[in-house]
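Worksheet: one structure, shown below.
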Amino acid sequence: MDTSGKISIITCRAAIAWAANSSLSVEEVQVEPPKAGEVRIKMASTGICGTDDHTIKGLLSAVFPFIPGHEGAGIVESIGQGVCSVKPGDKVLTLIMPQCRECSSCLHPKGNFCEKQDVLPSSGLMLDGTSRFICKGKKIHHSFRASTFTEYTVVPEIAVAKIDDAAPLDKVCLISCEVPTGYGAAVHSAKVTRGSTCVVYGLGGISSAIVMGCKASGASRIIGVDINEEKFPWARALGVTDCLNPQKLKKPVQQVVREMTGVGVDFAFEAIGLTDVMLAAWDSCHLSHGVCLIVGVASINSKLSLDAPMIVSGRTLKGVCLGDYKTRDCIPQLVTSYLQNKINIDPLITHQLPFDQIHKAFELYHAGKTIRCNLLF
Ligand SMILES: NC(=O)c1ccc[n+]([C@@H]2O[C@H](COP(=O)([O-])OP(=O)(O)OC[C@H]3O[C@@H](n4cnc5c(N)ncnc54)[C@H](O)[C@@H]3O)[C@@H](O)[C@H]2O)c1
Ligand SMILES: [Zn+2]
Ligand SMILES: [Zn+2]
Numbered sequence: 001m002d003t004s005g006k007i008s009i010i011t012c013r014a015a016i017a018w019a020a021n022s023s024l025s026v027e028e029v030q031v032e033p034p035k036a037g038e039v040r041i042k043m044a045s046t047g048i049c050g051t052d053d054h055t056i057k058g059l060l061s062a063v064f065p066f067i068p069g070h071e072g073a074g075i076v077e078s079i080g081q082g083v084c085s086v087k088p089g090d091k092v093l094t095l096i097m098p099q100c101r102e103c104s105s106c107l108h109p110k111g112n113f114c115e116k117q118d119v120l121p122s123s124g125l126m127l128d129g130t131s132r133f134i135c136k137g138k139k140i141h142h143s144f145r146a147s148t149f150t151e152y153t154v155v156p157e158i159a160v161a162k163i164d165d166a167a168p169l170d171k172v173c174l175i176s177c178e179v180p181t182g183y184g185a186a187v188h189s190a191k192v193t194r195g196s197t198c199v200v201y202g203l204g205g206i207s208s209a210i211v212m213g214c215k216a217s218g219a220s221r222i223i224g225v226d227i228n229e230e231k232f233p234w235a236r237a238l239g240v241t242d243c244l245n246p247q248k249l250k251k252p253v254q255q256v257v258r259e260m261t262g263v264g265v266d267f268a269f270e271a272i273g274l275t276d277v278m279l280a281a282w283d284s285c286h287l288s289h290g291v292c293l294i295v296g297v298a299s300i301n302s303k304l305s306l307d308a309p310m311i312v313s314g315r316t317l318k319g320v321c322l323g324d325y326k327t328r329d330c331i332p333q334l335v336t337s338y339l340q341n342k343i344n345i346d347p348l349i350t351h352q353l354p355f356d357q358i359h360k361a362f363e364l365y366h367a368g369k370t371i372r373c374n375l376l377f
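Position 232 (the sequence shown) corresponds to 232 in UniProt numbering; numbering is contiguous.
Structure, rendered in structure tokens:
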């Protein structure tokens, strides 16, 4: 059912990043109807992900001005020509990584880095090269072809996952990014084994979901590393067995982790986005069989420099996006698993605030007081 002919521009509120590192500004925007292959969504909730923070700070290749946000849940308001996987009224999640089901990545059984993604490099535009947002007569870019810090957004159908009608929309926005990214990195990508040892660098939103995945996989020891000790009680409640603050150690943290485990960990995860911490994660691994997963997104133009002779020892270094899940196929299943009490995302939501308190939500985030703060529309 193509509803695009009967629908018009919607005027609503959205948060705009006008320039790198500037405070977001809540403005009235015009949201155009969805074009062919697109979906307009009435947002219900959105999380604040570390990637949004990187983008607003100009650390990733965003094009300003843009509407940030990608971790979203909402209801389809209208659809463009040819859209057949969702209809108005459906509950959906927005996806930072689309699944076009046609490109070499989508057709391969492994991996999920769809060639229609707008992650690297970010143009901030829809697939036809334009945008669906206007503010004060000026075109406003999208964020990763998504943008969820707005009451209404338009996204490509290939970046929309239809979810169970029973899903609570105030919570499941986390299953758009945080949960598949973190939980998926542990259970689906690394395939953490029962009785194994793990270290998780960062105890923020994504890392907390990694900890959940390590615990669910039966890891015997989960070492959590963060410079903010306020995260430690939450981390312990999720399954971290040992908390380390690298700023309080007398030796490099990777050396401490190697000494604690005797031989290095079986699985190491970096979920901060800092190259020195990525190297610490790599050097925390068992030399022969350790697996190091890089989840954090490093700033543009940064490089990793490895000790080349030691690469042959046998360790695996792997980057992972959205838990390697084929997003439209797998992410709805995670929502169903939550509804069936097979995974519990509730401890990951430490705060919920109305959308008009987005500045307070960012203050709490920057002060390190949240795991995730969901904004509700
Ligand atoms: N690969 C993917 O698919 C994917 C998806 C989403 C997010 N990300 C990335 O994951 C990273 C984390 O995102 P998040 O939402 O969890 O952010 P977050 O801000 O909630 O968490 C980051 C944590 O790292 C801690 N930290 C900062 N510097 C540190 C240091 N030097 N040593 C130890 N701890 C330190 C902070 O105190 C915080 O707890 C970001 O880089 C984000 O871009 C990747
Ligand atoms: Zn994210
Ligand atoms: Zn694809």
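Note that CB positions come from ideal geometry on N, CA and C, so glycine has one too.
In the structure shown, the three-state DSSP call for L244 is strand. For P332, the enclosing alpha helix (DSSP H) begins and ends at 327 to 339. By the neighbour-count criterion, in which 16 or more other beta carbons inside 10 Å mark a residue as buried, L120 falls on the exposed side.
For L24, no beta strand (DSSP E) run applies, since DSSP gives it neither H nor E.
Here G182 is actually not in contact with S220; their C-beta atoms are around 20 Å apart, not less than 8 Å. Distances from the alpha-carbon of Q81 to those of K91, F64, P33, L107 put P33 closest. If only complete runs of 4 or more residues are kept, the stretch 234 to 319 shows the alpha helix (DSSP H) at 253 to 261, 275 to 284, in order along the chain.
By DSSP's assignment, G72 forms a beta bridge with T46. If only complete runs of 3 or more residues are kept, the stretch 102 to 140 shows the beta strand (DSSP E) at 133 to 135, 138 to 140, in order along the chain.
Nearest to G202 by C-alpha distance, out of L364, G273, S85, is G273. Counting C-beta atoms within 10 angstroms of its own C-beta, H366 has fewer than 16 neighbours from the protein chains shown and is therefore classed as exposed.
Distance from the CA of R40 to the CA of S302, rounded to the nearest whole angstrom, comes to 36 Å. In the DSSP assignment, K91 falls within the beta strand (DSSP E) that extends over 91 to 94. The stretch 172 to 235 contains, as complete alpha helix (DSSP H) runs of 4+ residues, the segments 178 to 184, 205 to 216 (chain order). Note that the C-beta distance between M43 and T148 is below 8 Å. For H351, the enclosing beta strand (DSSP E) covers residues 351 to 354.
A distance below 6 Å between beta-carbons, with the five flanking residues on each side excluded, links V63 to the following residues of its chain, in chain order: G124, H141. Ligand 1 never approaches V291 closely enough for any of its heavy atoms to be under 7 Å from the residue's Cβ. DSSP lists no bridge partner for V63.
Here I227 has N245, P246, Q247 as same chain residues with Cβ atoms under 7 Å from its own Cβ, once five neighbours each way along the sequence are excluded. Here the residues close to ligand 3, judged by CB distance below 5 Å to any of its heavy atoms, are C100, C103, C106, C114 in chain order.
With a cutoff of 8 Å on beta-carbon distance, A209 and E178 are scored as near each other. Taking a cut-off of 8 Å on C-beta distances, the stretch 148 to 164 does not touch the stretch 228 to 240, as fewer than three cross pairs fall below it. Exclusion of T46 from the 7 Å shell around ligand 2 follows from its C-beta lying no nearer than that to any non-hydrogen atom of the ligand. Look at A20 here: in three-state DSSP terms it is coil, with no helix or strand label. It is roughly 11 Å from the alpha-carbon of V76 to the alpha-carbon of V155.
Taken through DSSP and simplified to helix, strand or coil, T370 comes out as coil. With a threshold of 16 other beta carbon atoms within 10 Å, S305 falls short and is exposed.
In the structure shown, K342 falls within a coil segment according to DSSP collapsed to helix, strand and coil.
Rounded to the nearest whole angstrom, the C-alpha separation of E270 and V211 is 12 Å.
I371 and T350 have their alpha carbons spaced roughly 6 Å apart. A distance below 8 Å between beta-carbons, with the five flanking residues on each side excluded, links L60 to the following residues of its chain, in chain order: T51, H54, S122, V297, S299, I300. The shortest C-alpha to C-alpha distance from I48 to any of Q99, C100, V31, T150 is the one to T150. For the 8 Å CB-CB criterion, D266 and T197 form a contact.
With a cutoff of 7 Å, T51 counts as near ligand 1, since its C-beta is closer than that to a heavy atom of the ligand.
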